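Okay, structure first, notes after.
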Amino acid sequence: MGDERDLEIDDLINNLDKEYHSAHPATNGSYLTIQKSRELNSLIQLWTHERTCPDILPYAHELLDTILDRVRGQIEVIEEYTTSADSSGNAKLKVLFVETELERVKFLVRGYLRARIHKIDNYYMHILNNPDVQRKLSQSELRYTKRRANQLKRYYNLRFLSSLPQLLQRLDDTAGGLQMVDEPDLDEVVFIRVLRDAPGEVDLGNDDKIELRKGNIYVLPYRVIRQYVDDGDVQLV
Amino acid sequence: MALPPKQVGTFMPSEISFLAENTLVTIIPRQAMEPIELIGGTIPSIRPMRRIEVPIWVAILLKKQSRCNIVPPDWLSEENLKITYDAEAANMTRFSGNLPWEWVEVGELILGSAPDDLSSPPHVIRNLLRDIREVRQAKARAGLKNLNESYLQLDNVGAMELNEIRSFVTMSMNQLRTMQSTREGAEVHDADIGPSDQDEDDGDDDLLQESYDDSMRTATTYPDSYDTVRHNSSSRLGSESASTDRERSSIPPHSSSNHHSVASVSHMSTQNRSRSALPQPPIYTDDNDDGEDEDNDMEIDENYLHAVNGN
């Protein structure tokens, strides 16, 4: 008798807990959930930044590792479902959500890496000439850059460079004041959204100064706003 | 190669929409669901009739299975959209702040997936959204006239709207910047065509002449096509300052005091010098652009401005 009543009370408390949580979605998230959604948002921002920023940004080792770990975890969840005999509606629904989200995250990761490879393709020579830039790449990206550079060089040599005069065979010539090596142009304009009020004014040169107030949207050269992007005051959009 | 050309330097509308699908929206579930662990968070346990906030993509999936109703955000009600439309139409120089960043995408997503959950008939909402979009597009276009190489302020613009003008704005501003830096590099009578003379209306002919000379002189340094662009833009500069209104011409270009009042596209840093290139973006024409063409340019430009000021 007594045991049964205790059980009932436990159930009641549990239910109350659940009710409270679902009525207050904001407080629902455990620390982990908040952390997770923060990470997803960082990934989204990483992708947009990489796509909109003219420069190559540092590779986000930590975040990518965490996310990829979870991607593997979710794939296991799906595999478990397909091998298990549980084909109830709820299990199906769950897998539907897991799969959909998995694809969404994979899309972001792929987009991020592709945007980087695009820049690496354009600036491989610049990367190989600058150890500073190389530090921004992941190991596999660096490997890719080197192999690409070697292959291109071999190909050009084979095709036409070898029949040119020695003087004209270089791929990184700077003669005549013209750079042969393409570099990211930091003066290219970017679209930014101000995330929080930033102290001071941004000097745009030419006596133009702007203040950064939360919610402002500007288009301006990346160079002048770079520091604020790094500090997280503004976001590239 | 790694990126398809249409994704370089911009986003595709579908990508913008994809991002907007992460916005939270309130739903009223019809059936219970256990919490689900995801990579980017947890879908909390769902109980019937208990309102809860979830990302739009989750809401749409649930809605498709008739497991929930979506509560449209407040700004998407007929009443609020009408208020917004009036606010947009009342001030043609700035975007109203009534709409969220992802309003175009969210509006479309909800109209597309849950038209029956709207408080008004879907076509009413759709029409209102379209009207608002058109008013705002007109503003964005008008604002593009003030493009310059320095900066541009676009407060309250939406993600999709921004993406629509992105390619044009980046291209033009980068182009203007190159022209500017080349001009500075050339150092030929820079002061004459520079900002300092802009607030005077009388020196137009001289200005024109100067800039013409300037472009001729520097012609040797640059490819012909490039010179034509410089030439065009410098000459239009003259006509521009002739027709500038008093208020504008009294502001010294580059004045840092401008930015206090700017809150919209059409006020982006009123530098007459760089407004010049806008009515037509720089076009690489043949180098037979002679004096006659120049006059035509001037006329078109003036008419254009009159029409604009008339508004």
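Residue numbers (our numbering), protein chains in the order written: chain Z, 1144 to 1380; chain A, 852 to 1162. We put the beta carbon where it would ideally sit given N, CA and C, even for glycine. Because the structure is a prediction, the values reported are computed rather than measured.
Looking at the structure shown, is A/Met900 part of a helix, part of a strand, or coil, going by DSSP?
-> Residue numbering aside, residue 900 of chain A sits at position 49 when the second sequence is read from its first letter. Three-state result, A/Met900: coil.
Cutoff 8 Å: Z/Leu1363 Cβ touching any chain A Cβ:
One-based indexing of the first sequence puts residue 1363 of chain Z at position 220. Z/Leu1363 belongs to the set of residues whose beta carbon lies under 8 Å from a beta carbon in chain A.
| query | Is DSSP giving A/Arg945 helix, strand or coil here? | reply | Here the question's residue 945 of chain A lines up with position 94 in the second sequence. A/Arg945 falls in the coil class under three-state DSSP.
Checklist line | Given 8 Å, three or more beta-carbon pairs between the segment 873-886 of chain A and the segment 897-913 of chain A | finding: Counting Cβ pairs under 8 Å, three or more are found: they touch.
From the DSSP output, in three-state form, read off Z/Asn1265 for me.
As a working note, residue 1265 of chain Z is residue 122 in the first sequence. DSSP, read as helix, strand or coil, puts Z/Asn1265 in helix.
Problem - Local conformation of Z/Ala1228 per DSSP, three classes - result: On the first sequence, residue 1228 of chain Z is found 85 positions in, with the first residue counted as 1. It is coil, neither helix nor strand.
Practice task
Please name the residue in A/Thr1033, A/Ala991, A/Arg945 whose C-alpha comes closest to that of A/Val1020.
Solution key: Mapped onto the second sequence, residue 1020 of chain A falls at position 169. With distances taken between Cα atoms, A/Val1020 lies closest to A/Ala991.
- Give a yes or no on whether the C-beta atoms belonging to Z/Ile1199 and Z/Val1276 are separated by under 8 Å. Mapped onto the first sequence, residue 1199 of chain Z falls at position 56. Mapped onto the first sequence, residue 1276 of chain Z falls at position 133. Annotated as proximal: Z/Ile1199 and Z/Val1276, with beta-carbon spacing under 8 Å.
Just checking: is the beta-carbon of A/Arg987 within a distance shorter than 8 Å of some beta-carbon in chain Z? In the second sequence, the residue the question calls residue 987 of chain A occupies position 136. A/Arg987 does not count as touching chain Z.
Query raised in the report: A/Leu969: which of A/Arg987, A/Phe946, A/Glu930 sits nearest, CA to CA?
Result: For this step, residue 969 of chain A is matched to residue 118 along the second sequence. With distances taken between Cα atoms, A/Leu969 lies closest to A/Glu930.
inquiry  = Does Z/Tyr1298 pass the burial test, meaning 16 or more other C-beta atoms within 10 Å, or should it be called exposed?
reply    = Here residue 1298 of chain Z corresponds to residue number 155 of the first sequence, with the count starting at 1. Z/Tyr1298 is exposed by the Cβ-count criterion.
inquiry  = What are the residues in the segment 1002-1016 of chain A lying within 8 Å of chain Z by C-beta distance?
reply    = When C-beta distances to chain Z are compared with 8 Å, the residues of the segment 1002-1016 of chain A below that value are Tyr1002, Leu1003, Gln1004, Leu1005, Asp1006, Asn1007, Val1008, Ala1010, Leu1013, in chain order.
Notebook entry, point to check: How close, in whole Å, do the beta carbons of A/Pro973 and A/Leu962 come, if the pair is a contact with beta carbons under 8 Å?
Noted result: In the second sequence, counting from the first residue as 1, residue 973 of chain A sits at position 122. In the second sequence, counting from the first residue as 1, residue 962 of chain A sits at position 111. The pair is a contact, with the Cβ atoms about 6 Å apart (cut-off 8 Å).
What residues of chain A sit near Z/Gln1217, judged by a beta carbon separation below 8 Å? The residue you call residue 1217 of chain Z lines up with position 74 of the first sequence. Near Z/Gln1217 (Cβ distances below 8 Å), the residues of chain A are Leu889, Ile890.
Check your understanding: Hey, would you say Z/Thr1351 sits closer than 8 Å to A/Arg1028, going by beta carbons?
Key -> Taking the first sequence and counting its residues from 1, the one referred to as residue 1351 of chain Z is at position 208. Taking the second sequence and counting its residues from 1, the one referred to as residue 1028 of chain A is at position 177. The question names Thr, yet the displayed sequence has Asp at residue 1351 of chain Z. No; because the gap between Cβ atoms is not below 8 Å, this pair is not in contact.
Should A/Asn1025 be flagged as near chain Z, meaning a C-beta pair shorter than 8 Å?
-> Taking the second sequence and counting its residues from 1, one reaches residue 1025 of chain A at position 174. Under the Cβ distance rule, A/Asn1025 counts among the residues neighbouring chain Z, one pair being separated by less than 8 Å.
* To do: Would you please verify whether the beta carbon of Z/Arg1286 is less than 8 Å from any beta carbon of chain A?
  => The residue labelled residue 1286 of chain Z in the question sits at position 143 within the first sequence. False, the Cβ-Cβ gap to chain A never drops below 8 Å.
Margin query: Considering Cα atoms alone, identify which of A/Ile890, A/Gln1031, A/Asn1014, A/Trp952 is closest to A/Glu1000.
Written below: Numbered from its first residue, the second sequence carries residue 1000 of chain A at position 149. Of all alpha-carbon atoms in A/Ile890, A/Gln1031, A/Asn1014, A/Trp952, the one lying nearest the alpha-carbon of A/Glu1000 is that of A/Gln1031.
Exercise for the section: Check the C-beta distance from A/Ala1010 over to Z/Val1337 and give it rounded, since I have them as a contact under 8 Å. Expected result: Taking the second sequence and counting its residues from 1, one reaches residue 1010 of chain A at position 159. Taking the first sequence and counting its residues from 1, one reaches residue 1337 of chain Z at position 194. In fact, because the Cβ distance is near 15 Å, the residues do not count as touching under 8 Å.
Query raised in the report: Is any beta-carbon of chain A found at less than 8 Å from that of Z/Glu1225?
Result: By one-based count along the first sequence, residue 1225 of chain Z stands at place 82. One detail in the question is off: residue 1225 of chain Z reads as Thr in this sequence, not Glu. Not closer than 8 Å to any Cβ of chain A, the Cβ of Z/Thr1225 fails to qualify, so no.
Q.
Spatial neighbours of Z/Glu1242 within its chain, please: C-beta separation below 8 Å, excluding the five flanking residues on both sides.
A. The residue given as residue 1242 of chain Z occupies position 99 in the first sequence. The answer, listed in chain order, is Ile1221.
Using a Cβ-Cβ cut-off of less than 7 Å, list which residues of the segment 944-963 of chain A approach chain Z; keep chain order. Contacts with chain Z (Cβ-Cβ distance below 7 Å) from the segment 944-963 of chain A involve no residue at all.
Quick one: grab the DSSP three-state call for A/Gly1009. Locating residue 1009 of chain A in the second sequence gives position 158, where the first residue counts as 1. Residue state, collapsed to three classes: coil.
**Request:** Less than 8 Å between the CB atoms is what I'm expecting for A/Pro951 and A/Trp926, so what's the real figure, rounded?
**Result:** Working through the second sequence from its first residue, we reach residue 951 of chain A at position 100. Working through the second sequence from its first residue, we reach residue 926 of chain A at position 75. Indeed, because the Cβ distance is near 7 Å, the residues count as touching under 8 Å.
What span of residues does the alpha helix (DSSP H) with Z/Tyr1361 cover, start to end? As a first step, residue 1361 of chain Z must be located in the first sequence, where it is residue number 218. For Z/Tyr1361, no alpha helix (DSSP H) segment is defined; the enclosing uninterrupted segment is the beta strand (DSSP E) at 1360-1364.
- Message: Suppose you measure from the CA of Z/Val1377 to the CA of Z/Pro1308; what does that come to, to the nearest Å?
- Response: Here the question's residue 1377 of chain Z lines up with position 234 in the first sequence. Here the question's residue 1308 of chain Z lines up with position 165 in the first sequence. The alpha-carbon atoms of Z/Val1377 and Z/Pro1308 are separated by roughly 50 Å.
State the beta-bridge partners of A/Glu930 as determined by DSSP.
Counting from one through the second sequence, the residue named residue 930 of chain A turns up at place 79. None; A/Glu930 has no bridge partner.
Using a Cβ-Cβ cutoff of less than 8 Å, which residues in the same chain neighbour A/Ser917 once the five nearest sequence positions on both sides are dropped?
Walking along the second sequence from the start, residue 917 of chain A turns up at place 66. Cβ neighbours of A/Ser917 within its own chain (closer than 8 Å, five residues either side excluded): Arg881.
Tell me the residue span of the beta strand (DSSP E) that contains A/Thr861.
Here residue 861 of chain A is taken as the residue at index 10 of the second sequence, counted from 1. First-last for A/Thr861: undefined, no H or E at that position.
Considering just the uninterrupted stretch of the beta strand (DSSP E) at A/Arg887, what are its terminal residues? The sequence position of residue 887 of chain A within the second sequence is 36, counting from 1. The residue you asked about is not Arg; residue 887 of chain A is Ile in the sequence shown. Here the beta strand (DSSP E) through A/Ile887 covers 887-889.
I need the straight-line Cα distance from Z/Lys1357 to Z/Glu1344, nearest angstrom please. The residue given as residue 1357 of chain Z occupies position 214 in the first sequence. The residue given as residue 1344 of chain Z occupies position 201 in the first sequence. Rounded to the nearest angstrom, the two C-alpha atoms are 13 Å apart.
Note down the Cα distance separating Z/Lys1289 from Z/Arg1366, rounded to an integer number of angstroms.
Counting from 1 along the first sequence, the entry for residue 1289 of chain Z is found at position 146. Counting from 1 along the first sequence, the entry for residue 1366 of chain Z is found at position 223. Roughly 28 Å between the two C-alpha positions.
### Task
Closer than 6 Å by C-beta to A/Leu913: which residues in its own chain qualify, once you throw out the five before and the five after it? Chain order, please.
Against the second sequence, residue 913 of chain A aligns to sequence position 62. Its chain contains Cys919 as the residues whose beta carbon lies nearer than 6 Å to that of A/Leu913, once the 5 sequence neighbours on both sides are disregarded; these appear in chain order.
Exercise for review: Determine the chain A residues that contact Z/His1269 at a beta-carbon separation under 7 Å, and present them in chain order.
Suggested key: In the first sequence, counting from the first residue as 1, residue 1269 of chain Z sits at position 126. Per Cβ cutoff of 7 Å: no residues; Z/His1269 is ~16 Å from chain A at best.
Review point. Terminal residues of the continuous beta strand (DSSP E) containing A/Pro880?
Key: Locating residue 880 of chain A in the second sequence gives position 29, counting from the first residue. Counting along the chain, the beta strand (DSSP E) containing A/Pro880 begins and ends at 875-880.
Pick out whichever of Z/Val1248, Z/Lys1237, Z/Glu1193, Z/Ile1368 has its Cα sitting closest to the Cα of Z/Ile1210. Locating residue 1210 of chain Z in the first sequence gives position 67, where the first residue counts as 1. That would be Z/Val1248, whose Cα lies nearest to the Cα of Z/Ile1210.
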